[in-house]
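Going by the working numbering, the first residue of the sequence shown is number 477, and it counts up by one from there.
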Amino acid sequence: KHQPEPEPAAQRPRPRLSTTTNLHAMGCHSHRRRMNTTLFVARTAALAISILLSPRTICAFQTRQTSSLTCQHAGRRHHTTRGITHLLAKPSKKSKSKSGGGFGSSAGGFGSKKKSSSAPADPSKVRSVSGYTGSGTKVLADAANSFDRIRKLHGKDSTTDVYVRSPLNDESTFWFVGKVIRMVEGGEGDDELVGSVHPSEEEAMLSQKRLILEYAKNQLRPQNMGGPYAKGLELWSAPGDSEMDVVQNKVTLVPVTGSSRDLREGFNVKDVGYNPEIYVGEEKEKGGLRVVRDAEGRPVKPVFDIN
477 KHQPEPEPAA QRPRPRLSTT TNLHAMGCHS HRRRMNTTLF VARTAALAIS
527 ILLSPRTICA FQTRQTSSLT CQHAGRRHHT TRGITHLLAK PSKKSKSKSG
577 GGFGSSAGGF GSKKKSSSAP ADPSKVRSVS GYTGSGTKVL ADAANSFDRI
627 RKLHGKDSTT DVYVRSPLND ESTFWFVGKV IRMVEGGEGD DELVGSVHPS
677 EEEAMLSQKR LILEYAKNQL RPQNMGGPYA KGLELWSAPG DSEMDVVQNK
727 VTLVPVTGSS RDLREGFNVK DVGYNPEIYV GEEKEKGGLR VVRDAEGRPV
777 KPVFDIN
């Protein structure tokens, strides 16, 4: 006889969580996720702050900031007394280097302790360096201050451009090294004259000759006027503020001859000043304004115009 197949046992239904229970479980899971995220963010922030506050990081940041500021000002000229004083700041006393001969050095430059057989120059007549280290800085600053003061009184008419030639380096190259100025008769400022005579153009040059030459060979262009080329340096002059005309070969340079012995009795060095040329940027390596002239200071090429 055919036996009927037994009916399959009824499957036990899976227990189901209530909606309230499901929401509770999901909420706990989301809360744990938020807690983990918060802890991660807090730990990351703490690590970043500790890195930023480390001495090495602070030092690197300061170095980068200083370099950026230096680059921003690298192309600017500073002809103020503050700029000159900073440029010619005397070296550290701890340095025992015997090389060089710059301002404030002990190797024959400005402010050196090198003994001289000649009698000391009269400080009321000549701007030179006294016998202590670093004095070149003060002398140059005094000359620049006098230049600014007299320039405001008498302007361009009392100014003379100065060039230096080093025959041992290049007989045909004349380097522009700055400007001298003098008190002139008439106009404003006659009551500010310190001496009893108004300086001549030659006296303005001769009274500051050593200052100009020492600055030129030790600071401005030692590559061409210092070291083996320092002997026999010559001063040449041109009208004040005539740099462009000189470059265009319109001006003949005039040699400056004589010495401090040629200064008159009533002359005082406070009635003259000197504004040194200062190189910035690429000029320090390649050099600044210089022109080509013959042995008499005359242009060797025809006049040309600059558009």
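In this text, a Cβ means the ideal position worked out from N, Cα and C, and glycines have one as well.
Nearest-angstrom Cβ-Cβ length linking residue i and residue j, presumed shorter than 8 Å
i	j	result
W651	V660	Going by Cβ atoms, the distance from W651 to V660 rounds to 27 Å, so no, they are not a contact pair.
S683	V748	6 Å
G654	E719	About 11 Å separates the two Cβ atoms, so there is no contact after all.
S604	L687	7 Å
P643	G742	Wrong, their Cβ atoms sit about 35 Å apart, outside the cutoff.
Cα-Cα separation, residue i to residue j
i	j	result
V602	E758	33 Å
P775	V768	7 Å
N783	V722	16 Å
Y750	L616	8 Å
D770	S735	24 Å
N725	G773	11 Å
L629	T635	11 Å
V656	R625	12 Å
S672	P704	41 Å
E690	H674	26 Å
D666	D646	42 Å
N621	D781	35 Å
E679	N700	26 Å
P698	E761	11 Å
Local conformation of residue i per DSSP, three classes
i	result
L711	strand
F623	helix
D646	coil
K601	coil
G749	strand
T636	strand
R737	helix
V779	coil
V730	strand
V615	helix
V768	strand
V756	coil
D787	As shown, the chain starts at 477 and ends at 783. That puts residue 787 outside it, with no answer to give.
G773	coil
G763	coil
G716	coil
Beta-carbon proximity list for residue i, same chain, < 7 Å, skipping 5 on both sides
i	result
V856	Because residue 856 is not part of the residues shown, which for the chain are 477 to 783, the question remains open.
V779	Q724, N725 and K726
R766	T649, F650, W651 and F652
A706	K693
E664	L629
D738	L682
Contacts around residue i, its chain only, beta-carbon distance under 6 Å, and the 5 residues preceding and following it disregarded
i	result
Y755	G764
E710	R641
A714	D637, V722, V727 and L729
E677	T636
K632	G716 and D717
Distance cut-off 7 Å: residue i Cβ against heavy atoms of the ligand GDP
i	result
A597	The ligand GDP is absent from the structure shown, which contains no ligands of any kind.
8 Å CB neighbourhood of residue i in its chain, flanking five on each side removed
i	result
D618	R603
F623	K655, V656, I657, G749, Y750 and N751
Chain D within 8 Å of residue i, Cβ atoms only
i	result
M720	Any reference to chain D falls outside this structure, which holds one protein chain only.
Start-end ranges of the alpha helix (DSSP H) lying completely within the stretch 638 to 703, minimum 4 residues | 677 to 682, 685 to 691 and 698 to 701
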